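Start counting at 1 in the sequence shown, then tack on 14, and there's your number in our numbering. Glycine is no exception: its CB is placed at the ideal position from the N, C-alpha and C atoms. Please read all numbers here as calculations on a predicted model, not as lab measurements. Worksheet: the structure to be examined is printed underneath.
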Amino acid sequence: MPPLITTHAAETRIVPRAMPTPLPFVTFVRGPVVSTPGSMNNEATPSIAFAYISSYIAKQGYPFTIVDGIGSALNQVWPLEEFPGHQIQGLPIDRIIELIPAHSSVLAFSGMFSGDWPMLRILIKRARKRFPNALIVAGGEHMTALTEYCLRDCPELDVCVRGEGEQTFYKLLESWRTQEDYSEINGIGFLDGDRYIQNGFLPRIRDIDNIPWPEWPTGYLEKFWEAGKSYGVQTERDMPIMASRGCPYQCTFCSNAAMWTTRYILRDQDDLINEIKAYKELYGITSLQFYDLTAVTKKSWTIEFCEKLIAADINLKWSLPSGTRSEALDKETLTLLKKTGCNYLVYAPESGSPETLRKIKKRINLDRMTESVVTACRLGIVCRTNLIIGFPHETRKNVWETILFGLKLAVKGVDEVSIYIFSPYPGTEIFHELLESKRLKINDDYFLALTSLNGNYFEVNPLVVNPHMGAFELAFYRVFFMLANYAIGYLLHPGRIVRTFRNLRSKTQAATVFEHRLKDAFRRRKTLSSDATKRA
Ligand code: B12
Ligand code: SF4
């Protein structure tokens, strides 16, 4: 197929060419996970984004394949040679390029994590060398937040799909194929010469029940199950699933609004139940893991969903590992959650300081959240709460309020009280404020700092944007009090010690993220040493 884009960088121009005939072959590509040695949080999960988008275009007849640099080499870790001190989990970049089928006309890259951008840029540049005529597209959270920056930083990239991807990507393919042009498509960003063009507002699919269910390539999920990879806690066969899209809130540290707008749409419960039934039959799944931004916001919807789970005799474990709000989680709802198999809930209070909560626009009531999480724990649901310290405005008093709040939660029985150091992510209100006041500069060092900061517990020099406390101080609070919270939990509930030992020996069970991450660390170490033995 003749190229639409003739050259790259400054002279990029959209030029007319002969009408392409067959539907172009699309290859979706995901690079490996970037992290630093010692990092424990940068884990691998199946790409539900690719499963959704590929399913959407497949329904329109487009042929495609997925080259997943993560799923194809789980637990394998290599140094990222271009960036000393960093490592990748998954396939090495050159191997990913080799795996892209030669007849690919469109290469569609996943750009979810900002920390991965320096690696992704290398991947795209190498792909362009091998595929000089392909249409190269990228989408995802990072590409949406920093579209212009990425296009200028990587001229080999033709176009970015911004926000929700299915419909926009399909329209892009169609107009590229039939009209020899994509410049009018809503929801994309591209460079026309040196001019950055961003079309329209962030598109949202209104009728989400018409989005086809994700299509998982044969044998793909099985690789994750075999390698013990899942999101949050672990059972034998954990299934990624989504009940909603978007989130109605606008917390200043979260990129949700810049990615999904504030439109929050819940799926029809019957359609969701049918999807679950199909997975039970097709894969024999043992649990559901919801990847939503915030799955529980509406009590009536949640109760109806639980009642339908019971009526349909679903009988699976299920969890909310990405964090949820607590307004709808009162005793009545939580009792139903437990009855329907909910085994793990992540609450996201973010801070124990009322002043910080006001400033970051989190809009939660700490007492009600505490009551909800304590009730969930008493009902036997394993609970985690995420806390952040070191927001730019915070004083030591704010940070200590959060630390003490965390300790209180641990004493009250919360299984995991995690503490993160604040990182300014692209697309967030705080990120823009820091850029404007020149307290933050975007470059590779900044992106790479995002990979290590929150995952590496032994990092004592993380990226810190707080003028009152240094990196060492915040890192110390983080490590010390997180360990203290776990210690409290294990001391007050000795049964958890037995559970953890049992789960560490089991191939398929982890009741907390702590247990899961420990198991992952051992697996990676084992893989590394067996690789070394093979090489020797
Ligand atoms: C699953 C998940 C994880 C997993 C899996 C990661 C992995 N490497 O496999 C785990 C638990 C490990 C994880 C960890 C972290 N995560 Co996380 N995680 C998510 C989560 C909850 C779900 C992502 C998802 O699958 N969404 C559902 C799909 C359907 O949406 P989507 O991916 O956005 O895809 C849509 C569009 O973006 C678009 N699209 C996406 N890709 C492409 C590609 C093309 C070509 C096109 C056309 C379109 C397109 O179309 C899709 C369908 O509409 C998101 C929040 C969220 N709900 O989105 C956060 C999120 C991605 N995580 C985030 C963060 C910050 C982290 C951590 C740094 C947290 C921490 N403090 O440790 C770590 C870093 C991990 C790492 N570097 O790998 C941020 C990322 C911000 C950023 N710019 O980097 C997010 C957005 C949460 C948030 N709002 O702040 N995470
Ligand atoms: S932090 Fe949670 S509640 Fe706040 S905007 Fe992001 S997804 Fe919504």
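**OP:** In the DSSP assignment, find the unbroken alpha helix (DSSP H) run with Glu443 in it and report its ends.
**Re:** Here residue 443 refers to the residue found at position 429 when the sequence shown is read from its first residue. Start and end: Glu443 to Glu450.
**OP:** Could you check if Asp381 is buried or exposed, using at least 16 other CB atoms within 10 Å of its CB as the buried criterion?
**Re:** Within the sequence shown, numbered from 1, the residue matching residue 381 stands at position 367. Exposed: under 16 other Cβ atoms inside 10 Å.
Original post:
With respect to 7 Å, is the separation between the Cβ of Ala152 and the closest non-hydrogen atom of ligand 1 below this value?
Top reply: Position 138 of the sequence shown holds residue 152. Flag set: Cβ of Ala152 near ligand 1.
**OP:** Helix, strand or coil for Glu229, going by three-state DSSP, please let me know.
**Re:** If you number the sequence shown from 1, residue 229 lands on position 215. Coil at Glu229, not helix or strand.
Original post:
If we count Cβ pairs, one from each stretch, closer than 8 Å, do we get three or more for the stretch 492-508 versus the stretch 211-228?
Top reply: Taking 8 Å as the limit for Cβ pairs, the verdict is that the stretch 211-228 does not touch the stretch 492-508.
Subject >> Exposed unless 16 or more other CB atoms sit within 10 angstroms - verdict on Thr41 >> reply: Reading the sequence shown from its first residue, position 27 is the one you call residue 41. So Thr41 counts as buried.
Original post:
CA-CA distance, Lys185 and Leu165?
Top reply: Walking along the sequence shown from the start, residue 185 turns up at place 171. Walking along the sequence shown from the start, residue 165 turns up at place 151. When rounded, the distance between both Cα atoms is 20 Å.
**OP:** Tell me, please, whether the stretch 506-525 touches the stretch 431-450 by the rule of three or more beta-carbon pairs shorter than 8 Å.
**Re:** Here the stretch 506-525 does not lie against the stretch 431-450, with fewer than 3 beta-carbon pairs under 8 Å apart.
Original post:
Is there at least one non-hydrogen atom of ligand 1 closer than 7 Å to the beta-carbon of Asp124?
Top reply: Walking along the sequence shown from the start, residue 124 turns up at place 110. A quick correction: the sequence has Ser, not Asp, at residue 124. Yes, since a heavy atom of ligand 1 falls inside the 7 Å radius drawn around the Cβ of Ser124.
Original post:
What do you reckon, is the C-beta of Gly366 under 7 Å from a heavy atom of ligand 1?
Top reply: Within the sequence shown, the letter at position 352 stands for residue 366. For ligand 1, not one heavy atom lies less than 7 Å from the Cβ of Gly366.
Subject >> Through-space distance from Leu37 to Gly129, alpha-carbon basis >> reply: Locating residue 129 in the sequence shown gives position 115, counting from the first residue. Locating residue 37 in the sequence shown gives position 23, counting from the first residue. Their Cα atoms are separated by approximately 34 Å.
Original post:
Would a C-beta distance cut-off of 8 Å place Trp131 and Phe461 closer than the cut-off?
Top reply: Working through the sequence shown from its first residue, we reach residue 131 at position 117. Working through the sequence shown from its first residue, we reach residue 461 at position 447. Between Trp131 and Phe461, the C-beta gap is smaller than 8 Å, which places the two residues in contact.
**OP:** Could you give the DSSP three-state label for Ile311: helix, strand or coil?
**Re:** Here residue 311 corresponds to residue number 297 of the sequence shown, with the count starting at 1. Contrary to the premise, residue 311 reads as Thr rather than Ile in this sequence. Coil, per DSSP.
Subject >> Which of helix, strand or coil DSSP assigns to Arg510 >> reply: To locate residue 510, count along the sequence shown from 1; it is residue 496. The three-state reading of DSSP puts Arg510 in helix, counting H, G and I together.
Original post:
With distances taken from CA atoms, which of Pro93, Arg398 and Glu415 is nearest Val48?
Top reply: Position 34 of the sequence shown, counting from 1, holds the residue named residue 48. Nearest of Pro93, Arg398 and Glu415 to Val48, Cα basis: Pro93.
Original post:
Expressed to the nearest angstrom, what Euclidean distance is found between the alpha-carbon atoms of Cys356 and Ser333?
Top reply: The residue you call residue 356 lines up with position 342 of the sequence shown. The residue you call residue 333 lines up with position 319 of the sequence shown. Answer to the nearest angstrom: the Cα atoms are 5 Å apart.
Original post:
Under 8 Å, do Ser201 and Val175 count as touching if we go by C-beta distance?
Top reply: Taking the sequence shown and counting its residues from 1, the one referred to as residue 201 is at position 187. Taking the sequence shown and counting its residues from 1, the one referred to as residue 175 is at position 161. According to the sequence as given, residue 201 is Gly; it is not Ser. Yes, the pair counts as a contact, with Cβ atoms nearer than the cut-off.
**OP:** Using the Cα positions of Arg531 and Thr59, report the straight-line distance between them to the nearest angstrom.
**Re:** Within the sequence shown, the letter at position 517 stands for residue 531. Within the sequence shown, the letter at position 45 stands for residue 59. Cα to Cα, the separation comes out at about 13 Å.
Subject >> ligand 4 heavy atom lying under 7 Å from the CB of Glu443 >> reply: The model on display carries ligand 1 and ligand 2 but not ligand 4.
Original post:
For Thr349, which of helix, strand or coil comes out of DSSP?
Top reply: Translated into the one-based positions of the sequence shown, residue 349 becomes position 335. DSSP places Thr349 in helix when its eight states are reduced to three.
Subject >> Alpha-carbon to alpha-carbon, Pro481 and Trp239 >> reply: To locate residue 239, count along the sequence shown from 1; it is residue 225. To locate residue 481, count along the sequence shown from 1; it is residue 467. So the alpha carbons of these two residues sit roughly 44 Å apart.
Original post:
What are the partner residues of Leu280, as DSSP defines its beta bridges?
Top reply: Walking along the sequence shown from the start, residue 280 turns up at place 266. Looking at the DSSP assignment, Leu280 forms a beta bridge with Ser258.
Subject >> For Val387, the three-state DSSP class (helix, strand or coil) >> reply: One-based indexing of the sequence shown puts residue 387 at position 373. Reduced to three states, the DSSP call for Val387 is helix.
Original post:
From the DSSP output, which residues share a beta bridge with Gln101?
Top reply: The count along the sequence shown starts at 1 and reaches residue 101 at position 87. The partner list for Gln101 (beta bridge, DSSP) reads Ser49 and Pro93.
Original post:
Which class does Gly203 belong to by DSSP, given the choice of helix, strand or coil?
Top reply: In the sequence shown, the residue the question calls residue 203 occupies position 189. Assigned with DSSP and collapsed to three states, Gly203 falls in strand.
Original post:
With 16 as the cutoff for other CB atoms within 10 Å, does Lys455 come out buried or exposed?
Top reply: The residue you call residue 455 lines up with position 441 of the sequence shown. Under this definition Lys455 is an exposed residue.
Original post:
What separation, rounded to the nearest whole angstrom, lies between the Cα atoms of Asp282 and Lys139?
Top reply: The count along the sequence shown starts at 1 and reaches residue 282 at position 268. The count along the sequence shown starts at 1 and reaches residue 139 at position 125. Roughly 42 Å separates the two Cα atoms.
Original post:
Hey, is Asp285 close to ligand 1, as in C-beta under 7 Å from one of its heavy atoms?
Top reply: Stepping through the sequence shown from its first residue, residue 285 is reached at position 271. Distances from the CB of Asp285 to the heavy atoms of ligand 1 are all 7 Å or more.
Original post:
Taking the alpha carbon of Gly134 as the point to measure from, which residue in Leu488, Leu506, Arg510 and Asp458 has its own alpha carbon closest?
Top reply: Position 120 of the sequence shown, counted from the first residue, corresponds to residue 134. Residue 134 is actually Leu in this sequence, not Gly. Per the Cα distances, Asp458.
**OP:** May I ask you to verify whether the stretch 388-397 touches the stretch 426-435, counting CB pairs closer than 8 Å and requiring at least 3?
**Re:** Result yes; three or more Cβ-Cβ pairs closer than 8 Å.
Subject >> the stretch 244-263 contacting the stretch 96-108, beta-carbon criterion three pairs below 8 Å >> reply: The stretch 244-263 is not in contact with the stretch 96-108.
Original post:
By the 10 Å Cβ neighbour count, where 16 or more other Cβ atoms means buried, how is Ala325 classified, buried or exposed?
Top reply: The residue labelled residue 325 in the question sits at position 311 within the sequence shown. Ala325 is exposed by the Cβ-count criterion.
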